[in-house]
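The opening position of the sequence shown corresponds to residue 1 in UniProt numbering, with each subsequent residue numbered one higher. Even for Gly, the Cβ is constructed at its ideal location relative to N, Cα and C. Please read the structure below before turning to the comments.
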Amino acid sequence: MEANLTLTFSLIIVLGISAQWLAWRMHIPAIVLLLMAGFAAGPVLGWLNPAQEFGQVLPPLIALSVAIILFEGGLNLQWHEYKEAGVDVKRLVSLGLLLTWILSAAAAHFIAGLSWPIATLFGAISVVTGPTVLMPLLKHARLQRHTAALLKWEGIINDPLGALLAILVFEYWTVWYWTIDSPEHSVLTVLGNLSLGLLVATGSGIALGYLLSWAFHREHVPEFLKSPVMLGAVLLLYVAVNGVQEEAGLLAVTVAGVVVANQRLRNIEELRRFKQYITLVLVSVVFIVLTATIELEVLAKLDWHSLALLGTVIFLVRPLSVYLSTLGTGMKWQEKLLIAWIAPRGIVAASMAGLLAFPLTQQGFGGADQLLPLIFALIAATVILHGLTIEWLSRLLGLASRNPSGVLIVGATPWSIALARLLKELGVPVIVNDTSWHHLHSARMSNLKIYRGQILSETVESSLELNEISHVLAVTANDAYNALVCTRFAPELGQNKVFQLPSLSIPDEEDKIFARTVRGRIAFDESTQYEDFMRLYYHGWEFRKTQLTEEYTYQDYLQDHQQETILIAVVTKYGQVRFHPLADLDSLQAGDIVISFGPPDTVGSFKENKDLKYSYSSLNT
Numbered sequence: 001m002e003a004n005l006t007l008t009f010s011l012i013i014v015l016g017i018s019a020q021w022l023a024w025r026m027h028i029p030a031i032v033l034l035l036m037a038g039f040a041a042g043p044v045l046g047w048l049n050p051a052q053e054f055g056q057v058l059p060p061l062i063a064l065s066v067a068i069i070l071f072e073g074g075l076n077l078q079w080h081e082y083k084e085a086g087v088d089v090k091r092l093v094s095l096g097l098l099l100t101w102i103l104s105a106a107a108a109h110f111i112a113g114l115s116w117p118i119a120t121l122f123g124a125i126s127v128v129t130g131p132t133v134l135m136p137l138l139k140h141a142r143l144q145r146h147t148a149a150l151l152k153w154e155g156i157i158n159d160p161l162g163a164l165l166a167i168l169v170f171e172y173w174t175v176w177y178w179t180i181d182s183p184e185h186s187v188l189t190v191l192g193n194l195s196l197g198l199l200v201a202t203g204s205g206i207a208l209g210y211l212l213s214w215a216f217h218r219e220h221v222p223e224f225l226k227s228p229v230m231l232g233a234v235l236l237l238y239v240a241v242n243g244v245q246e247e248a249g250l251l252a253v254t255v256a257g258v259v260v261a262n263q264r265l266r267n268i269e270e271l272r273r274f275k276q277y278i279t280l281v282l283v284s285v286v287f288i289v290l291t292a293t294i295e296l297e298v299l300a301k302l303d304w305h306s307l308a309l310l311g312t313v314i315f316l317v318r319p320l321s322v323y324l325s326t327l328g329t330g331m332k333w334q335e336k337l338l339i340a341w342i343a344p345r346g347i348v349a350a351s352m353a354g355l356l357a358f359p360l361t362q363q364g365f366g367g368a369d370q371l372l373p374l375i376f377a378l379i380a381a382t383v384i385l386h387g388l389t390i391e392w393l394s395r396l397l398g399l400a401s402r403n404p405s406g407v408l409i410v411g412a413t414p415w416s417i418a419l420a421r422l423l424k425e426l427g428v429p430v431i432v433n434d435t436s437w438h439h440l441h442s443a444r445m446s447n448l449k450i451y452r453g454q455i456l457s458e459t460v461e462s463s464l465e466l467n468e469i470s471h472v473l474a475v476t477a478n479d480a481y482n483a484l485v486c487t488r489f490a491p492e493l494g495q496n497k498v499f500q501l502p503s504l505s506i507p508d509e510e511d512k513i514f515a516r517t518v519r520g521r522i523a524f525d526e527s528t529q530y531e532d533f534m535r536l537y538y539h540g541w542e543f544r545k546t547q548l549t550e551e552y553t554y555q556d557y558l559q560d561h562q563q564e565t566i567l568i569a570v571v572t573k574y575g576q577v578r579f580h581p582l583a584d585l586d587s588l589q590a591g592d593i594v595i596s597f598g599p600p601d602t603v604g605s606f607k608e609n610k611d612l613k614y615s616y617s618s619l620n621t
């Protein structure tokens with residue numbers, strides 16, 4: 001038995017992580033492959049049977065996993081985003097949630113023929129719009145800050161509220177409706193328990209969030225224990241609040257995450273990364289486990305009534321609830337249209353269906369065996385439809401960047417502004433940042449987009465639109481500051497998308513290894529430093545662009561340019577920028593543009609100059 005469980009755990013984790021990696025390579029939502037992997041390993045091939053192999057341990061494992069996932073979601077919520085979209089979010093998670101529940105329940109009963117207990121439970125679970133699916137989609141689509149904030153806040157708040165609503169509906173039909181004399185009395189009981197659950201969950205979540213923040217600020221917890229202590233506290237909070245009201249713990253941990261996220265902890269990014277790693281594994285495992293529990297016999301019961309129900313929920317209920325709940329809020333019609341369409345269901349919907357379907361079936365509720373496959377069909381449909389359309393629809397509506405291959409240049413100097421002008425001329429979005437209005441004067445006169453202020457400050461997220469930015473180029477005179485900038489943006493953009501100029505001095509190999517761990521990629525080449533660029537610029541060097549053609553290839557380009565010329569970047573014919581030395585020079589095609597920095601007489605015979613330290617990779621215009 002122990003060997004079988006070990007093999008099962010290993011198989012689930014390997015399948016989950018493999019699906020995540022394949023989704024990254026194929027640029028599709030990971031949940032699609034996770035659902036396919038779980039379905040193939042479970043009902044199709046019979047490799048996994050979680051209900052049989054895990055037994056009674058399965059429900060609490062899923063519940064604790066969901067609690068951790070929701071806490072991590074709360075860590076991504078910022079108050080400045082809520083202030084920008086506060087009224088709209090309040091409407092979406094109150095009136096919008098209520099409308100979605102009522103309309104979905106009615107559709108489930110009258111279209112799919114489900115009994116009212118199962119229909120109302122289906123409607124409650126349907127209100128959940130999963131942040132575990134939504135957050136990667138928002139990052140991929142590069143939405144504007146306000147639109148992304150609306151979807152993010154709605155998704156993360158809806159998750160625990162929907163879970164709590166589903167539990168209350170479940171308890172109403174399985175306990176209160178049969179034990180209390182009048183249905184009216186039982187409705188009042190449900191509302192009373194809902195109010196109690198909201199009060200206890202919100203209060204305890206706020207209390208724990210401030211307690212953790214106070215302990216971390218005062219250094220009562222050592223650095224290496226902060227993440228484990230936070231994890232243990234979250235699980236304890238979930239269990240304690242659930243003792244008062246079932247599944248109210250999900251709301252409590254979400255509130256705690258929001259509080260911690262907005263306390264300006266010095267190591268908040270490290271804590272977020274730790275939770276993200278755990279969440280990635282948990283999402284992979286839970287989705288595969290839940291999908292593997294679906295039986296083929298149950299799926300066979302889904303007919304055209306089920307398809308009509310799913311179509312109604314996706315194409316009618318969601319748009320109608322968004323439209324009615326946002327009347328009079330001043331929300332742009334483009335945002336209404338996008339939000340009305342984008343509502344992927346995720347891990348909480350799947351886990352709630354998995355937790356509640358089995359006891360309902362055991363108690364003999366008609367149609368209970370259809371709840372899990374219906375919810376999973378809704379998850380699959382929304383993830384595929386919304387995941388594959390959010391990018392082009394948001395661009396069509398003008399709510400996302402049309403060219404997400406933009407560059408943030410930190411450090412306004414004459415030569416960096418000249419580079420920014422050339423990038424903008426080639427259609428690459430550029431933002432030039434500096435703390436001095438004087439340094440930014442030339443950029444303003446060139447009609448470049450600028451940001452005057454400290455790029456490392458906490459106010460950047462609320463004052464600067466970064467949805468178009470995919471690369472950061474730190475080119476100030478301060479090497480340590482450049483390293484801090486790259487360290488700040490590397491987790492978000494990727495280590496290969498943050499660049500800085502070479503250090504003034506890295507004396508030995510050990511220091512070089514250390515420097516690579518705390519700084520960005522070296523831009524252009526390892527020999528040309530800040531002072532070199534300034535000196536060469538004032539000696540007449542300039543940036544140039546050279547477009548390659550079928551007749552004029554990169555090899556021809558090399559032969560026509562002097563050894564001194566420094567290769568800066570490549571802008572592909574599709575508008576994507578690749579900074580040297582990470583630009584793939586061997587795959588350059590006709591239509592690609594090479595950007596270089598060189599003296600006025602750059603055209604000449606190519607010859608090797610041993611006096612210069614530039615390598616083959618630094619040859620350019």
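Whole-number beta carbon distance between residue j and residue i, since they are thought to touch under 8 Å
| i | j | result |
| --- | --- | --- |
| F224 | L265 | 15 Å between Cβ atoms; not a contact. |
| L121 | F170 | 6 Å |
| I342 | I390 | 6 Å |
| Q245 | S213 | Q245 to S213, Cβ: 25 Å. No contact. |
| L309 | A108 | 6 Å |
| T528 | R318 | That belief does not hold up - the Cβ atoms of T528 and R318 are roughly 54 Å apart, past 8 Å. |
| E465 | R145 | 6 Å |
| G540 | E564 | The Cβ separation is near 12 Å, so there is no contact. |
Closest by C-alpha distance to residue i, when choosing among the options
| i | options | result |
| --- | --- | --- |
| G42 | F287, I278, G367 | F287 |
| P59 | V289, Q495, N433 | V289 |
| A37 | G55, I12, N49 | I12 |
| K545 | Y537, I102, Y557, L536 | Y557 |
| K567 | Y451, V594, A63 | For the sequence presented, residue 567 should be read as Leu rather than Lys. Ranking Y451, V594, A63 by Cα distance to L567 puts V594 first. |
| G86 | G427, L150, L501, I118 | L150 |
| G575 | Q362, V283, L423 | L423 |
| A381 | T147, V313, Q495 | V313 |
| I339 | A40, E154, L585 | E154 |
| K275 | G330, K226, A63, F315 | K226 |
| Y323 | G74, L64, R91, S596 | R91 |
| G406 | V14, G354, E297, K449 | K449 |
| L77 | A480, T254, Q20 | T254 |
| N433 | Y481, H146, Y451, V283 | Y451 |
| Q495 | F579, P344, E564 | F579 |
| N158 | R345, Q56, T329 | R345 |
| I278 | T129, A490, L64 | L64 |
| Y481 | E468, L440, R519 | R519 |
| V128 | H220, A523, Q52, A166 | A166 |
Cβ-Cβ distance between residue i and residue j below 8 Å
| i | j | result |
| --- | --- | --- |
| G205 | L251 | yes |
| Y554 | L588 | yes |
| F71 | G249 | no |
| I111 | A349 | no |
| V93 | L161 | yes |
| F499 | V460 | no |
| S394 | L143 | yes |
| L134 | K152 | yes |
| P428 | V577 | One detail in the question is off: residue 428 reads as Val in this sequence, not Pro. Against a cut-off of 8 Å, the Cβ pair of V577 and V428 comes out as a contact. |
| residue 622 | T293 | The structure shown does not extend to residue 622, since the chain is modelled only from 1 to 621, so the question has no answer here. |
| A368 | A377 | no |
| W79 | P117 | no |
| E542 | P502 | no |
| T476 | G411 | yes |
| A23 | L33 | yes |
| I69 | L282 | yes |
| S115 | F365 | yes |
Start-to-end residues for the beta strand (DSSP E) that takes in residue i
| i | result |
| --- | --- |
| L567 | 566-571 |
| I431 | 430-434 |
| I595 | 593-598 |
Residue i, enclosing alpha helix (DSSP H) - first and last residue
| i | result |
| --- | --- |
| S321 | 318-325 |
| V169 | 145-171 |
| A490 | 479-493 |
| S587 | Element bounds for S587: n/a, residue is neither H nor E. |
| F122 | 116-126 |
Query raised in the report: Whole alpha helix (DSSP H) runs in the region 231-305 with 4 or more residues, listed along the chain?
Result: 248-261, 268-292, 296-299
Report task. Please list the segments of the beta strand (DSSP E) lying wholly inside the region 526-555, counting only runs of 3 or more residues, in order along the chain. Result -> 542-547
Requested in this report: Jot down the residue ranges of each uninterrupted beta strand (DSSP E) in the region 63-105, minimum 3 residues, whole runs only, in chain order.
Outcome: none
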